[in-house]
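Numbering (numbering that gives the first Met the number 0), first residue to last: 0 to 652.
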Amino acid sequence: MTQERISSVLSEERRFPPSKAFSASAHVGSERERKALVGQADADVVAFWEERAKELAWFSPWKKPLVWKYPHAKWFVGGTTNLAMNCLDRHLGSARRNKAAIIWESEAGEERTYTYYQLHREVCKAANMLLSLGVSTGDVVAIYMGMVPEATIAMLACARIGATHNVVFGGFSSEALRERINDSKAKVLITQDGVMRRGEVVELKLAADAALQKCKTIKHAIVLRHTGDNVPMKSRRDIWWHERMADASAEHEPLALDAEHPLFILYTSGSTGKPKGILHTTGGYMTQVAYTTKVVFDLRDDDVYFCTADIGWITGHSYVVYGPLLNGATIMMYEGAPNWPNPDRFWDIIERHGVTIFYTAPTAIRSFMKWGDHWPEQHDLSSLRLLGTVGEPINPEAWMWYHNTIGGGRCPIVDTWWQTETGAIMVSPLPGATTTTPGTATKPLPGIKVDVVHKDGTSCKANEGGLLVVQHPWPSMLRTVFGDDERYRKTYWSDYPKSRQHPGWYFTGDGARKDKSGNIWIIGRVDDVVNVSGHRLGTAEIESALVSHPAVAEAAVVARPDAIKGNALVAFVTIKALPKNTKRSVLAEQLRVHVAKEIGPIARPDDIRFAEALPKTRSGKIMRRLLREIVTGAATTGDTTTLEDAAVLERLR
Ligand code: PRX
């Protein structure tokens, strides 16, 4: 984050208390109530979460609420439950039985609604379909789909039979898919012919076929017919979703699964080239996701809840699928792009479906601002009562625009801080209680202990920048990095290891500061992870994609602040030799395409700069800090004495 952004955030003093009308009917309706919950959690944090877990259905109760063996937590040990049963069966005995669970709209405008009753039937059928293909408890199922209801059905079917799902974002390339399938040893892949994006078909099945050429563990690919395009089907391996579903029974008893049964693996970027398979389990995840959805979004039975995240990201898992269904809510789900056919698509959806809660990312908000106020102004957005943001710090200007232009000045905004690793929201306003200020996610939720600390672990003073840590295990925390527990320990637990003073603190990778009122302001990542358009990318991953191109010798990727995307990617590249008859500009474009192919279009560098050499330390480490200073136009600060060849820097400038 630039100095300018830090100081603009520092001087932010606007205060927005919740309206009386909002507070009057909210789950947590005053600061006094919020403090009472925090007090209850502070007195006994484990008992606090036990109370929340008891609001859900269990086949058998737990024997121990928390077993902490640094750095591994087990929650609700000995208890058995089923997440799909909690999302579906639990609601069938109430008025929610015939309520819309999912209202889905395709990009082309087709609409489909699933009631809880119907969704339950489809999930049971899909569970039986998976069983008929030999998937059993503990197997991994990869899901490579777009935003279609069947993606949700596939996830819930896995949860129902105890198969661990590994959802791979449909915007990722076949290379990225293959890496994630192989790392997780998935047995079955569920995909679809294609998905619509800005009027064009994104060919998921073709990409999946390319990936599966080198995936030994996959026995079957289940293919949903969605766009209707002709796709090749490999005999014996590939199976049409509609054919198997037609034969599947709509009856299925949910399995009683251990609270610590692996629910899903979701890959996320870290500071090395290889993505990390973040492993989440059942009981704790379910408990925190259910509770946070209820209190942060203040869900009520008459809400229509619209989260724009893709199911391929953690926000899609926790707050498109599981959180709302656990609360018996109505989910608005949309297949396509926000600016198709026009930049008012979201506002149109909100108006036509009476959406009451809208949750999106700052990068999207900045795009809406750029597209112009006349788009939202054409629509009646008066159904909205609550707005949310996630994924990156929101700049006060975007916050104010969101508040006034979308929220009509009447909707509280919940700025929610959390991560793939945390599984659920950790720091956020409670909308009926918290006075918000643009740019801060405010305070930790009841039951969550976080602080901003120095490297040595001492607490930072008010407004002093430091590192954000979580100081007590929480129910929806990651359990490990799949297949690499050493990396789990090293990445998250080695900075503040267990000591006589504390049980071991989790390091988030974020820099932050706490103001005088205790509000937390996220400054940004302190590792080599960048946030581009609200998506988390490891610069090492992009660098390794670049050097896999035959012309490239070395690459270093850094972020440059960008008005819309939050960050743009700048790649410094040294080449072995310019390929014959190829201009630099052509090679630059080839490299951008190459990265898109290796990882996905989201990772495509915005800017490629060819260099004769990269600034390095004497021990050969690329000094990315100096490159960062070049792209942001900042003066070179800090130590350059370790630089091997000072002239390199001059030439780069
Ligand atoms: O840097 C923080 C930023 O996004 C990172 C987590 O990225 P990911 O695992 O992809 O999950 C994103 C969706 C939960 C964090 O380490 N981040 C997330 N939410 C916020 C945020 N930064 C500032 N404010 C937020 N509300």
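Virtual Cβ for every residue (Gly too), placed ideally from N, Cα, C.
Residues that residue i bridges to, as DSSP identifies them
i      : result
TYR505 : VAL469
ARG111 : TRP103
CYS306 : TYR358
ALA560 : With the sequence shown as reference, residue 560 is identified as Pro, and Ala is not the correct amino acid for it. Note: PRO560 sits in a beta bridge opposite ASN566.
TYR266 : GLY276
LYS15  : Contrary to the premise, residue 15 reads as Phe rather than Lys in this sequence. Paired residues: THR435.
ILE629 : For ILE629, which the question treats as bridged, DSSP gives no partner whatsoever.
HIS71  : LYS68
PRO261 : THR280
LEU205 : None; LEU205 has no bridge partner.
ALA555 : PHE571
GLY523 : GLY510
GLY387 : TYR358, VAL413
GLU199 : ARG196
ASN239 : At residue 239 the sequence reads Trp, which differs from the Asn that was named. According to DSSP, TRP239 bridges with VAL222.
ASP605 : The partner list for ASP605 (beta bridge, DSSP) is empty, contrary to what the question assumes.
LYS615 : ILE621
LYS63  : VAL76
TYR535 : Sequence inspection shows Arg at residue 535; the Tyr mentioned does not correspond to that position. Per DSSP, ASN530.
VAL585 : Answer is none; VAL585 lacks a bridge partner.
ILE189 : ILE142, ILE221
LEU642 : THR616
LEU256 : THR80
Anticipated Cβ contact below 8 angstroms, residue i with residue j, distance rounded
i      : j      : result
VAL525 : ASP509 : 7 angstroms
LEU648 : ALA610 : Wrong, their Cβ atoms sit about 10 angstroms apart, outside the cutoff.
ILE264 : ASN165 : 5 angstroms
ALA544 : GLU588 : That belief does not hold up - the Cβ atoms of ALA544 and GLU588 are roughly 15 angstroms apart, past 8 angstroms.
THR79  : ALA255 : 4 angstroms
THR314 : VAL194 : At roughly 18 angstroms, the Cβ-Cβ gap does not stay under 8 angstroms, so THR314 and VAL194 are not in contact.
LEU383 : ILE364 : The pair is not a contact, with the Cβ atoms about 14 angstroms apart (cut-off 8 angstroms).
GLU250 : CYS123 : 6 angstroms
THR291 : LEU444 : 6 angstroms
ARG51  : THR286 : 5 angstroms
ALA336 : GLU106 : 7 angstroms
LYS186 : VAL139 : 6 angstroms
VAL569 : PRO604 : 7 angstroms
ALA289 : LEU55  : 6 angstroms
VAL294 : HIS26  : 5 angstroms
GLY565 : PRO361 : 7 angstroms
VAL134 : ALA158 : That belief does not hold up - the Cβ atoms of VAL134 and ALA158 are roughly 12 angstroms apart, past 8 angstroms.
Contact check, residue i vs residue j, beta carbons under 8 angstroms
i      : j      : result
ILE519 : THR457 : no
PRO430 : ASP297 : yes
MET476 : THR421 : yes
ARG33  : THR434 : no
ILE277 : PHE305 : no
VAL546 : GLU553 : yes
ALA141 : ILE180 : yes
LEU129 : ALA156 : yes
PHE367 : THR307 : no
MET146 : ALA153 : no
MET399 : PRO437 : yes
VAL468 : TYR505 : yes
ILE662 : LEU613 : Outside the shown range of the chain, which is 0 to 652, sits residue 662, and nothing can be said about it.
GLY517 : LYS442 : yes
ILE393 : MET425 : no
ALA206 : SER173 : yes
PRO261 : ASN81  : no
TYR495 : GLY503 : yes
LEU577 : HIS548 : no
PRO395 : GLU11  : yes
SER381 : GLY407 : yes
HIS225 : ILE238 : no
Distance cut-off 7 angstroms: residue i Cβ against heavy atoms of ligand 2
i      : result
ASP414 : Questions concerning ligand 2 fall outside what the structure shown contains, since the ligands it does hold are ligand 1.
Quiz prompt | 4 or more residues per run - each alpha helix (DSSP H) lying fully within the segment 419 to 506 | solution = 484 to 487
Quiz item: Taking three-plus beta-carbon pairs below 8 angstroms as touching, is the segment 289 to 304 in contact with the segment 200 to 207?
Solution: no
Exercise. Check whether the segment 64 to 72 touches the segment 102 to 117, counting contact only when three or more Cβ pairs, one atom from each stretch, lie closer than 8 angstroms.
Key: no
Exercise. Could you name each continuous beta strand (DSSP E) segment of 3 residues or more that falls completely within the segment 80 to 168, going from the start of the chain to the end?
Key: 99 to 104, 110 to 114, 139 to 143, 163 to 166
Practice problem: Tell me, please, whether the segment 59 to 67 touches the segment 264 to 273 by the rule of three or more beta-carbon pairs shorter than 8 angstroms. | Solution: no
Quiz item: Any contact of the segment 311 to 325 with the segment 458 to 465, i.e. 3+ C-beta pairs under 8 angstroms?
Solution: no
Quiz item: Which runs of the alpha helix (DSSP H), 4 residues or longer, sit entirely within the segment 14 to 61?
Solution: 19 to 24, 30 to 42, 44 to 52
Practice problem: With a floor of 3 residues, list each beta strand (DSSP E) that falls wholly inside the segment 283 to 350, ordered by position along the chain. | Solution: 303 to 306, 329 to 333
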